[in-house]
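Participant:
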Amino acid sequence: MKQINALVAIGTVLALSSFSFIDNMAPVPLKDPIGKYIKAVPYKVDAAQSKLTWLAKKVTGEHSGTIAVSSGLLNVENNVLRSGSFELDTKSIVVTDITDKESNAKLLGHLKSDDFFAVEKFDKARFVITSAVSKGAGLYDVKGNLTIKGITNEVSFPASVKIDQAKLIATAKILVDRTKYGIKFRSKSFFENLGDKTISDEFELNIQLAANK
Numbered sequence: 021m022k023q024i025n026a027l028v029a030i031g032t033v034l035a036l037s038s039f040s041f042i043d044n045m046a047p048v049p050l051k052d053p054i055g056k057y058i059k060a061v062p063y064k065v066d067a068a069q070s071k072l073t074w075l076a077k078k079v080t081g082e083h084s085g086t087i088a089v090s091s092g093l094l095n096v097e098n099n100v101l102r103s104g105s106f107e108l109d110t111k112s113i114v115v116t117d118i119t120d121k122e123s124n125a126k127l128l129g130h131l132k133s134d135d136f137f138a139v140e141k142f143d144k145a146r147f148v149i150t151s152a153v154s155k156g157a158g159l160y161d162v163k164g165n166l167t168i169k170g171i172t173n174e175v176s177f178p179a180s181v182k183i184d185q186a187k188l189i190a191t192a193k194i195l196v197d198r199t200k201y202g203i204k205f206r207s208k209s210f211f212e213n214l215g216d217k218t219i220s221d222e223f224e225l226n227i228q229l230a231a232n233k
């Protein structure tokens, strides 16, 4: 009888071990921003194929340029965007609308300084999705946390996401209030009598993320 009980016990242990092994081989579940487990498929952002352009306006005109996307991951469940994030390399900022080399270098140096993005201190900017609500036809209302110069604020914007088998393309325009990130240079919200030297508090980030399964 003792031998039978021992065999039963051994069999039970082996069975449990087998189930444990199977569980360990299963994909590790992800959590979305609200803590719900999801069976999402990760799409890794292809930095070389992704693009971000910026546009800043002032009383007398505007300037534009690019910033490199350095990394990112977008999680998709049943062809629906669920969560994700991406990072920008602030040191890579470029001015594209000024052809004169001296004037271009002057503005670029100013943008990299503490008056604006302080790229030597804060070489990364980051966006993390906290909510992606599908509106159908690949359109979404997206909310998330944008971090610039170590300061994080919530932003929201419409986005388009196209998924074609193993590839994903996401596009969006994000309006950013620079003063919320400590960038107050020539802001009428903080300084008076700036006249035509005023720079708009808001600037645009137009982003296209290319990602692969």
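Counting the sequence shown from 1 gives a position; this note's numbering is that position plus 20.
Glycine is no exception: its CB is placed at the ideal position from the N, C-alpha and C atoms.
Could you give the distance in angstroms between the alpha-carbon of Asp197 and the alpha-carbon of Val61?
Facilitator: Numbered from 1 along the sequence shown, position 177 holds the residue referred to as residue 197. Numbered from 1 along the sequence shown, position 41 holds the residue referred to as residue 61. C-alpha separation (whole angstroms): 33 Å.
Participant: Using only the alpha-carbon positions, how far apart do Val139 and Thr110 sit?
Facilitator: As a position in the sequence shown, residue 139 is number 119, starting the count at 1. As a position in the sequence shown, residue 110 is number 90, starting the count at 1. Roughly 6 Å between the two C-alpha positions.
Participant: Would Leu159 be called buried (16 or more neighbouring beta carbons within 10 Å of its own) or exposed?
Facilitator: Position 139 of the sequence shown holds residue 159. Classification for Leu159: exposed.
Participant: Taking 8 Å as the cut-off, does the stretch 89-104 touch the stretch 62-76 (at least 3 CB pairs, one atom from each stretch)?
Facilitator: The answer is yes - the stretch 89-104 touches the stretch 62-76, with three or more Cβ pairs under 8 Å.
Participant: Whole angstroms is fine: what's the gap from Leu128's alpha carbon to Ile118's?
Facilitator: As a working note, residue 128 is residue 108 in the sequence shown. As a working note, residue 118 is residue 98 in the sequence shown. Looking at the two C-alpha atoms, the distance is approximately 10 Å.
Participant: Does Ala157 pass the burial test, meaning 16 or more other C-beta atoms within 10 Å, or should it be called exposed?
Facilitator: What you label residue 157 is simply residue 137 of the sequence shown in a count that begins at 1. That one is exposed.
Participant: Give me, in chain order, the residues of the same chain whose beta-carbon lies closer than 6 Å to that of Lys217; leave out the 5 immediate sequence neighbours on both sides.
Facilitator: One-based indexing of the sequence shown puts residue 217 at position 197. Once the five neighbours on either side are set aside, the close Cβ partners of Lys217 are Arg206.
Participant: Got a sec? Which residues, its chain only, sit under 6 Å from Val114 by beta carbon, not counting five neighbours each side?
Facilitator: Counting from one through the sequence shown, the residue named residue 114 turns up at place 94. Cβ within range, chain order: Gly85, Thr86.
Participant: Taking only the alpha-carbon atoms, compute the straight-line gap between Glu97 and Phe177 and give it to the nearest angstrom.
Facilitator: For the purposes of this step, residue 97 is taken as the residue at position 77 of the sequence shown. For the purposes of this step, residue 177 is taken as the residue at position 157 of the sequence shown. Roughly 21 Å between the two C-alpha positions.
Participant: May I have a chain-ordered list of the beta strand (DSSP E) segments no shorter than 3 residues that lie completely inside the stretch 151-178?
Facilitator: The qualifying runs are 159-168.
Participant: Pull up the distance between the alpha-carbon of Lys77 and that of Leu131, whole angstroms please.
Facilitator: Mapped onto the sequence shown, residue 77 falls at position 57. Mapped onto the sequence shown, residue 131 falls at position 111. If you take the alpha carbons of Lys77 and Leu131, they lie about 14 Å apart.
Participant: Would you mind sorting Gly215 into buried or exposed? The rule is 16 or more other CB atoms within 10 Å of its CB.
Facilitator: Locating residue 215 in the sequence shown gives position 195, where the first residue counts as 1. It counts as exposed.
Participant: Relative to the C-alpha of Val162, which candidate in Val148, Leu72, Lys126, Ile168 has its C-alpha closest?
Facilitator: As a working mapping, residue 162 is identified with position 142 in the sequence shown. The residue with the shortest Cα to Cα distance from Val162 is Val148.
Participant: From Ser103 to Thr73, what does the alpha carbon distance come to, in whole angstroms?
Facilitator: Indexing the sequence shown from 1 puts residue 103 at position 83. Indexing the sequence shown from 1 puts residue 73 at position 53. Near 23 Å, if we compare the C-alpha coordinates of Thr73 and Ser103.
Participant: Quick one: what's Ile219 bridged to in DSSP?
Facilitator: Numbered from 1 along the sequence shown, position 199 holds the residue referred to as residue 219. Ile219 is bridged to Lys78.
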